[in-house]
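See below for the structure under consideration.
Residue numbers (UniProt numbering): 1 to 84.
This is the structure:
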């Protein structure tokens, strides 16, 4: 019973960590509008200041993803180490 809790808890935390890392990977690629805006700003055609709209403090979320990944590895290791 205890090994199942750790094993499946680790797998669940692993899925959560995977979702967080996937979200980070998707945020790396800018949208088409962002690419055009950056290009216009480089040519000085935009005339507008870059806005901080839509920015997320990634440092905290990155630490959360690393922590969830470490916990999932720990729980899985403990779950598989406990004999049935």
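Note that CB positions come from ideal geometry on N, CA and C, so glycine has one too.
query	result
Residue from 38, 25 and 5 with nearest C-alpha to residue 65	25
Residue 23 versus residue 9 - alpha carbon distance	21 angstroms
Pair within 8 angstroms by beta-carbon distance, residue 68 and residue 13	yes
Close beta carbons around residue 75, own chain, < 8 angstroms, minus the five adjacent residues each side	6, 7, 9, 10 and 13
Exposure label - residue 31; buried when at least 16 CB within 10 Å	exposed
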